[in-house]
Amino acid sequence: NAGVMQNPRHLVRRRGQEARLRCSPMKGHSHVYWYRQLPEEGLKFMVYLQKENIIDESGMPKERFSAEFPKEGPSILRIQQVVRGDSAAYFCASSPSAPPNTGELFFGEGSRLTVL
Amino acid sequence: GNSVTQMEGPVTLSEEAFLTINCTYTATGYPSLFWYVQYPGEGLQLLLKATKADDKGSNKGFEATYRKETTSFHLEKGSVQVSDSAVYFCALCKTAGNKLTFGGGTRVLVKP
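As you go down the protein sequences, you meet chains A and B in turn.
Heads up, the first sequence is in our numbering, so the first residue is 1 and it goes up one at a time.
Heads up, the second sequence is in our numbering, so the first residue is 117 and it goes up one at a time.
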């Protein structure tokens with residue numbers, strides 16, 4: 001009965017490197033959401049994906065950030081040329097295949113990115 | 117746009133004290149409202165929800181009532197325990213697709 005699995009839990013990168021964060025949704029869930037939590041702040045929506053489609057990326061920075069959710073395998077959030085301001089906790093959440101407007105998301109434990 | 121405002125923490129309480137965390141929202145129409153809880157080192161978990169005006173959500177001794185007239189969804193618990201120490205997030209959902217808008221979170225620390 002695995003929940004949402006994220007890895008790595010902790011990631012350290014130097015400025016200019018790339019960060020890849022992975023998320024496997026709960027079994028049977030085909031909707032994935034990425035949120036970012038900056039230190040001492042709330043969660044900010046980044047992107048909403050279904051299998052092979054980006055549904056809403058209104059919260060994604062226009063540059064350096066990208067997300068995918070391929071037909072096979074986990075969803076990946078990719079940050080290129082990281083800067084110190086990217087240091088945050090990145091949470092993935094999933095929901096069942098046919099969302100009405102329930103708002104119940106199932107969250108992973110987060111990936112904490114530190115940029116040196 | 118949609119927004120959620122909740123009281124800043126940290127809130128420090130003694131065991132068995134009464135807890136209130138204020139939450140107000142701004143949204144057009146009739147959003148669904150939620151409280152999520154984040155225990156140390158873990159992801160968020162849904163604590164309770166209400167989908168229409170005057171609904172009361174409840175779970176684990178926590179309650180919150182959807183007040184459309186004051187656009188509020190305050191969280192309450194009559195007698196907190198040490199295990200309730202966590203960060204509590206108020207959130208709303210307006211659009212299709214379960215896209216949540218969160219408040220800034222309130223850290224609660226319950227001391228024995």
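Even glycine gets a Cβ: it sits at the ideal position worked out from N, Cα and C.
Computed from a prediction, not measured in an experiment: that's the story for all the values here.
Within-8 Å CB hit, B/Leu191 to chain A: no
So, for B/Lys193: in the same chain, excluding its five sequence neighbours on each side, which residues have a beta-carbon less than 6 Å away from its beta-carbon? Leu135, Gly177 and Phe178
Beta-carbon gap between B/Val203 and B/Thr217 smaller than 8 Å: no
Determine, using beta carbons only, whether A/Leu116 and A/Arg14 come nearer to each other than 8 Å. yes
Considering just the uninterrupted stretch of the beta strand (DSSP E) at B/Gln161, what are its terminal residues? Leu160 to Ala166
For B/Asn175, count the other beta carbons within 10 Å of its own beta carbon; 16 or more makes it buried, fewer makes it exposed. Which is it? exposed
Quick one: what's got a C-beta closer than 6 Å to A/Arg112's C-beta in the same chain, skipping five residues either side? His10 and Ala89
How big is the Cα-Cα spacing for A/Phe91 and B/Gly145? 28 Å
Can you tell me where the beta strand (DSSP E) holding A/Asn7 begins and where it ends? Met5 to Asn7
Pairwise C-alpha distance: B/Cys209 and B/Gly117: 12 Å
For A/Gly110, which residues in chain B fall below 7 Å Cβ to Cβ? Gly159
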